[in-house]
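The block underneath contains the structure these notes are about, expressed in structure tokens.
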Amino acid sequence: MECKSKNNHILDSTLVNAVEAVSSCPSISTNTVLYSEYLSFSHRITTISFSEFSFVFCKAPEMINLVKTRHSEIAASIEASGPSDPSRAARLRPALPTRTLPALTSISSSRSTSNVPAEDPKKKAQSILDSLPGSSLVSKTAILSSTAGLSIYALSNEYYVMNEETIIMFCLLSIWGAVIKYGGPMYSEWAESQVNRIKNILNAARADHTEAVKTRIESVKQLGSVVDITKTLFEVSKETAQLEAKAYELEQTTALAAEAKSVLDSWVRYEAQVKIRQQKELSESIISKIQKELENPKVLQQILQQSVADVEKIVSSKAQ
Numbered sequence: 130m131e132c133k134s135k136n137n138h139i140l141d142s143t144l145v146n147a148v149e150a151v152s153s154c155p156s157i158s159t160n161t162v163l164y165s166e167y168l169s170f171s172h173r174i175t176t177i178s179f180s181e182f183s184f185v186f187c188k189a190p191e192m193i194n195l196v197k198t199r200h201s202e203i204a205a206s207i208e209a210s211g212p213s214d215p216s217r218a219a220r221l222r223p224a225l226p227t228r229t230l231p232a233l234t235s236i237s238s239s240r241s242t243s244n245v246p247a248e249d250p251k252k253k254a255q256s257i258l259d260s261l262p263g264s265s266l267v268s269k270t271a272i273l274s275s276t277a278g279l280s281i282y283a284l285s286n287e288y289y290v291m292n293e294e295t296i297i298m299f300c301l302l303s304i305w306g307a308v309i310k311y312g313g314p315m316y317s318e319w320a321e322s323q324v325n326r327i328k329n330i331l332n333a334a335r336a337d338h339t340e341a342v343k344t345r346i347e348s349v350k351q352l353g354s355v356v357d358i359t360k361t362l363f364e365v366s367k368e369t370a371q372l373e374a375k376a377y378e379l380e381q382t383t384a385l386a387a388e389a390k391s392v393l394d395s396w397v398r399y400e401a402q403v404k405i406r407q408q409k410e411l412s413e414s415i416i417s418k419i420q421k422e423l424e425n426p427k428v429l430q431q432i433l434q435q436s437v438a439d440v441e442k443i444v445s446s447k448a449q
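Quick note, in the working numbering, the sequence shown goes up one by one and the last residue is 449.
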């Protein structure tokens with residue numbers, strides 16, 4: 130409730146100042162009034178909290194619309210009645226309650242009695258100068274003065290009309306500036322941590338790859354004598370092939386000799402069988418012939434006579 134009452138005091142005092150300025154001098158442009166009130170309003174905003182600023186930001190379009198409406202009413206009244214009546218501007222001023230006038234004094238007194246330490250003006254001015262573009266104090270001052278002059282010229286000649294979109298743009302730029310100012314370092318820290326993490330992963334992968342290559346080199350070094358071993362194995366394989374060829378030749382010779390022997394053995398067996406058969410046939414023919422001759426009596430008589438003669442010879446030879 131206290132915060133809301135403070136916000137109402139700020140808005141009421143700002144509205145009173147803006148409307149009184151328009152009523153007292155209706156010949157000036159709305160942009161000039163709004164710009165002057167905007168400067169005082171921005172000065173007050175620097176002394177309020179974020180919640181108070183949010184409330185004021187929500188009520189800013191109403192303030193601008195009220196000032197524009199009042200200015201148009203005053204201009205129309207002056208054109209209708211003529212500008213010669215000096216008391217008409219005072220009569221046309223809005224009858225706003227005077228309770229809003231001491232609001233600033235109460236706010237300033239409550240701010241002064243608070244325990245919040247005030248910021249050093251030198252540090253604040255230095256921070257503002259550091260935020261301006263430029264490399265030297267002269268360039269920053271020139272940029273600031275030229276920007277202020279162009280802004281005043283554009284506003285006074287109504288090249289630029291300040292409305293609620295201006296305040297919205299200012300607030301958005303302020304919010305984005307705060308986000309960049311306070312969130313930028315955190316994002317930079319997070320990005321740096323991510324970069325360091327990826328760098329560590331890449332360094333670890335490179336170290337592992339280097340170790341694997343070294344291990345492979347060591348394993349290949351152990352095979353340095355593979356050429357001599359291959360030559361020796363080639364000679365052994367040649368000798369083995371020659372021995373296998375000789376063994377094959379010997380196997381073929383042995384097989385041929387065994388086959389020839391088997392053929393010769395078969396021939397010998399055949400000849401033996403033929404001889405046995407011939408002898409058998411011869412013996413059978415002789416026996417049959419003798420048997421036939423023995424059946425002849427003359428032959429038997431001759432055999433008997435021959436036998437007797439042989440016996441007599443034997444006996445006579447023994448007797449002598």
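Each residue gets a CB set at the ideal place from its N, CA and C atoms; glycine is no exception.
Practice item. Leaving out five residues on either side along the sequence, give the residues of the same chain with a beta carbon under 6 angstroms from the beta carbon of Asp439. Key: Closer than 6 angstroms at the Cβ level, and outside the excluded window around Asp439, lies no residue.
Exercise for review: Enumerate in chain order the residues of its own chain whose CB-to-CB distance from Ser268 is below 7 angstroms, with the five nearest sequence positions on each side excluded.
Suggested key: none
Review point. Going straight from the alpha carbon of Lys447 to that of Glu410, what length do you get?
Key: Glu410 has its alpha-carbon roughly 41 angstroms from the corresponding atom of Lys447.
**Study point:** Beta-carbon spacing of Leu284, Leu273 below 8 angstroms
**Key:** no
Check your understanding: Within 10 angstroms of its Cβ, does Met315 collect 16 or more other Cβ (buried), or is it exposed?
Key -> exposed
Review point. In angstroms, rounded to a whole number, what distance separates the CA positions of Gln402 and Lys421?
Key: 28 angstroms
Check your understanding: Could you give the distance in angstroms between the alpha-carbon of Leu429 and the alpha-carbon of Ile443?
Key -> 21 angstroms
Review point. So is Ile327 buried or exposed if we call it buried at 16+ other beta carbons inside 10 Å?
Key: Counting the other Cβ atoms within 10 Å of the Cβ of Ile327 gives fewer than 16, which makes it exposed.
**Study point:** Leu352, DSSP secondary structure in three states
**Key:** If DSSP states are grouped into helix, strand and coil, Leu352 belongs with coil.
Exercise for review: Assign Ile416 to buried or exposed, taking buried as 16 or more other Cβ atoms, counted over all protein chains shown, within 10 Å of its Cβ.
Suggested key: exposed
Check your understanding: Alpha carbon to alpha carbon, what distance is there between Arg406 and Pro426?
Key -> 32 angstroms
Check your understanding: What's the gap between the Cα of Thr369 and the Cα of Leu379?
Key -> 15 angstroms
Review point. Is any heavy atom in the ligand HEM found nearer than 7 angstroms to the beta carbon of Tyr377?
Key: Of the ligands one can find in the structure shown there are none, so the ligand HEM has no counterpart to examine.
Check your understanding: So what's Pro262 in DSSP terms, helix, strand or just coil?
Key -> coil
Practice item. Report the rounded CA-to-CA distance for Val151 versus Pro250, giving the unit in angstroms. Key: Residue placement at Val151 is poorly supported in this model, since its pLDDT is 44, which falls under 50; the coordinates still yield a value, given next. Straight-line Cα distance between these residues: approximately 33 angstroms.
**Study point:** Terminal residues of the alpha helix (DSSP H) in which Val437 lies
**Key:** Pro426 to Ala448
Check your understanding: Apart from the five residues on each side of it in sequence, which residues of its chain come closer than 6 angstroms, Cβ to Cβ, to Thr295?
Key -> None.
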